Every structure is written in structure tokens, then in C-alpha cells.
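Reviewing the structure listed below.
Number of protein chains: 2
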Amino acid sequence: MRLNEGVEWAVHSCSLMASLPEGMALPARKIAEYFDLPEAYLAKIMQQLSVSQIVTSRRGPGGGYRLTKSPDEISLLDIVVAIDGNEQCFQCTEIRRRGPTASTDAIYNLPCGIARSMWKAEQAWRNELSKVSLRDIQMMGFRETPKPQLEKAVEWFKETLS
Amino acid sequence: MRLNEGVEWAVHSCSLMASLPEGMALPARKIAEYFDLPEAYLAKIMQQLSVSQIVTSRRGPGGGYRLTKSPDEISLLDIVVAIDGNEQCFQCTEIRRRGPTASTDAIYNLPCGIARSMWKAEQAWRNELSKVSLRDIQMMGFRETPKPQLEKAVEWFKETLS
DNA sequence: GGCAGGTTACTCGGATAGCGATTGTCCGAGTTGATCTGG
DNA sequence: CCAGATCAACTCGGACAATCGCTATCCGAGTAACCTGCC
Chain D
1252 MRLNEGVEWA VHSCSLMASL PEGMALPARK IAEYFDLPEA YLAKIMQQLS VSQIVTSRRG
1312 PGGGYRLTKS PDEISLLDIV VAIDGNEQCF QCTEIRRRGP TASTDAIYNL PCGIARSMWK
1372 AEQAWRNELS KVSLRDIQMM GFRETPKPQL EKAVEWFKET LS
Chain W
1252 MRLNEGVEWA VHSCSLMASL PEGMALPARK IAEYFDLPEA YLAKIMQQLS VSQIVTSRRG
1312 PGGGYRLTKS PDEISLLDIV VAIDGNEQCF QCTEIRRRGP TASTDAIYNL PCGIARSMWK
1372 AEQAWRNELS KVSLRDIQMM GFRETPKPQL EKAVEWFKET LS
């Protein structure tokens, strides 16, 4: 089981946008430049974020993407769901109702116990992800990034937004 | 993100084998018959369980598969790992070290905060799965399966093992 | 000098190929149990 | 009647296609700013 590679890009991109001054937008081209990623594919990722209402887009000169909400109100889970979809990891195909021992019209009061166990674990995962906000990610970045890098980033931001 | 379909088959198959009398074995052919699954593909799943030491195999007439350990000692996580692999769902490619703002030789004391958050959630998922044993699954099945089905299953077992 | 129209450059968005992993299948290798034969 | 060898059937195990989803890319649609010429 592997998460989409785009998830990593999306979270980093959103984290970058979290530092964007009010009212400004960051084009996909610039984000791709900042992380040295293929522009065309990143654009697709950003589009998915746009569809999921995590960012809004604006076309034309001075356009680009920006977050729709405060970084406090966006969780990792939101981003993961936007990129990777919201379907259950474990798909129950009701195997128990098949084969010679089970009749098709049997009444089962509960979902399959195996599915319930798998879904419970999945829920724990989702729950952890929903507890981490984009603001938390941003703060971690500020605290843990080496100083020279941080200064370079600020410089890059100034140049880009001018 | 989707879990291998084989995981569901594997757990059901193991649950079935948990009810197998001491010393006997269940061939893949019979398991496929019980659940009405394609025999060839199920054989592949069983093979993966065999490689991971969850079941042992025995060839020839009277051969088949059986659990290596007591159902108490086998967790859902063991089976998931056997079929789906043990790699991390979230792969960190160290994006933060790329692009114009980061120098390649920069020293980062900690793994990327994003990766840490994702891995923590993943750990919660693994932890939940490791808490559920095959015995638990078996017991749930006994309690929740409609009586007529349970009797049919017992009947099938008798015929098959004779 | 101010305003309107056209032009240009910039950005997003959807349609379109390429590739790798999961899914699905087959046949050969190995083993066991039964059978047959000879003592 | 028993023991040993042979045989045949059964089961696993690895090698081999097909399909699907993720990865990657391009070009057209839309928009805002700017420039130019006229009033």
C-alpha cells in the first residue's frame, strides 16, 4: 500500500502557500521552481487541490493559487483526501456470502468482522492525520530548518512576489 | 490508497484454517472452493503467506496449508504485511532539500516534519492492526454468522477432511 | 491629459500518451499414498 | 501374508501475460494588465 507521490508535493506546496501574504497568489510555475519539480505534473496536483476547495485559483497575470482558509483550518487529512481520494483502504467484497456454505439471501446483522477491524484501524490513521494542521507543519518548518536555508527562502519570496 | 485485494482473501483463508483440526492441512483448491474464488490466484496469495512463515505447506496427497502458530499469536498486521509488503505508505523524497533555496549539503537534524506526521499516523494504524488476533476474528465469525450458515460450514468441513 | 479598444503575455484547466504495479493464469517440480509384484 | 519397488495422482511453486491506475506531458481557454491612438 503506497500513498500517492503527489501527496508529498501537495503538502509542501500548501505549507509554502501558508506563508503567502494576504491577497497574493503563487503560480504553479513558481512553486515548481521552488521545489525543483516538473511543472506540468505539479499543475495537475494543484488542480486537484483546487477541485477540493483547499486552494482557489486565479488566471492571468498576477494570478496563481492561494489557500481558501487559514492554515489552522486545513488538516493533513484534508490534503491527503484531496489528492488520494476518500475511498476505504480495505474493500470488503463480502466473501463470507459466497461459496457453497453461504446462501445469497442470508441476513447478516453486522458488517463482516474482518472489515470492521480493518476499518477501525483505518479510522485511527485518519484521526491522527486530522489532528495535524497546516499551521503545525509550517511551524515545524520554521523551527527545524537550518538558518541559512530559511534566509534563502525569505529572499526567494521577496524576489518572487515583486 | 488501496489495500491489496488479496489481503481480504488471506485473512478469510487464515480464519478458515484457524478451525482446522491439529495436524491436518487444507489445500488451496479446497479453500478456493469454499469461498468461490479463482483457484490459481488464491494459490499465489497462499504462497505469499507461506514465504512469510504464517502458514506452512505440504505437497502431495493429503497435503495443503496450515497455520504455523496458534491463532492467538497471529495478528491482522502480520497478514497485511505478508500480502501487501512492509514499506511505508508515505515516501519522503526530501523535497525540502531541493530547489534554489536549499543547498545539498545542508544538515538537517530531524526527518522532515511532514514525514514525521504522516509516519506517526501510519504507526497508529499499524498499532490497531497488531491488536487484533486471528483468534478474535475467528470468534467474531462464530458469534455473528447466522446459524444455518454455521451448520453448513461444519458439514462442509466434515466432507472435505474425510 | 484622459479614455477606450486592441494586443500581449501570463496562468489555469482539461484532454492525451507512457509506464509500472497489481491482477490473473498456466505448466512443471516435488511428494505422498496406494498398488502391484515377488518372495 | 508381508515387504519393497513402482506408479499414479495430488499439491505446491515459480515463470509468464493482461489489465488498471498512477505518472507525466502538452496545448487550448480564459483573464488581467499594458500599450497605443484617438478624443
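Sequence lines, in order, name chains D and W. Heads up, the first sequence is in this note's numbering, so the first residue is 1252 and it goes up one at a time. Heads up, the second sequence is in this note's numbering, so the first residue is 1252 and it goes up one at a time. Think of the CB as a built atom: it goes at the ideal place given N, C-alpha and C, for glycine as much as any other residue. All values reported here derive from a predicted model rather than from experimental measurement.
Using a 10 Å radius around the Cβ and a threshold of 16 neighbouring Cβ atoms, would you call residue i buried or exposed?
i: Asp1323/D; result: exposed
i: Ile1346/D; result: buried
i: Ile1358/W; result: exposed
i: Leu1328/D; result: buried
i: Val1331/D; result: buried
i: Arg1280/D; result: exposed
i: Glu1406/D; result: exposed
i: Glu1290/D; result: exposed
i: Leu1412/W; result: exposed
i: Arg1310/D; result: exposed
i: Pro1312/D; result: exposed
i: Asp1335/W; result: buried
i: Glu1379/W; result: buried
i: Pro1278/D; result: buried
Excluding the 5 residues flanking residue i on each side, which residues of the same chain have their C-beta closer than 6 Å to its C-beta?
i: Ala1333/W; result: Gln1299, Leu1300, Ser1303, Ile1305
i: Ile1296/D; result: Gly1257, Trp1260, Ala1261
i: Cys1343/D; result: Cys1363, Ala1366
i: Phe1408/D; result: none
i: Ser1308/W; result: Ser1301, Tyr1316
Terminal residues of the continuous beta strand (DSSP E) containing residue i?
i: Ser1308/D; result: 1306-1309
i: Arg1317/D; result: 1315-1318
Enumerate in chain order the residues of its own chain whose CB-to-CB distance from residue i is below 8 Å, with the five nearest sequence positions on each side excluded.
i: Leu1401/W; result: Phe1393
i: Glu1373/W; result: Gln1339, Cys1340, Phe1341
i: Leu1361/D; result: Arg1367
i: Thr1396/W; result: Ala1404
i: Asn1255/D; result: Ile1334, Asp1335
Name the two residues that bound the continuous alpha helix (DSSP H) containing residue i.
i: Thr1469/W; result: Only positions 1252 to 1413 of chain W appear in this structure, which leaves residue 1469/W out of reach.
Using a Cβ-Cβ cutoff of less than 7 Å, which residues in the same chain neighbour residue i once the five nearest sequence positions on both sides are dropped?
i: Ile1282/W; result: Ser1264, Leu1267, Leu1293
i: Leu1385/D; result: Cys1265, Ser1266, Ala1269, Pro1322, Ile1325
i: Pro1351/D; result: none
i: Leu1271/D; result: Leu1277, Arg1317
i: Tyr1285/W; result: Leu1267, Trp1407
i: Asn1337/W; result: none
Examine the ligand ADP and report whether any of its heavy atoms sits within less than 7 Å of the Cβ of residue i.
i: Phe1393/D; result: Questions concerning the ligand ADP fall outside what the structure shown contains, since it holds no ligand whatsoever.
For this session: Ignoring anything shorter than 4 residues or poking outside the segment 1254-1303 of chain W, list the alpha helix (DSSP H) runs there in chain order.
Result: 1256-1268, 1279-1286, 1290-1302
For this session: Report the residue ranges of all alpha helix (DSSP H) runs contained in full by the segment 1324-1387 of chain D; include only those spanning at least 4 residues, in chain order.
Result: 1327-1335, 1364-1382
Exercise. Below 8 Å, can you find three or more Cβ-Cβ pairs linking the segment 1371-1391 of chain D to the segment 1368-1382 of chain W?
Worked result: yes
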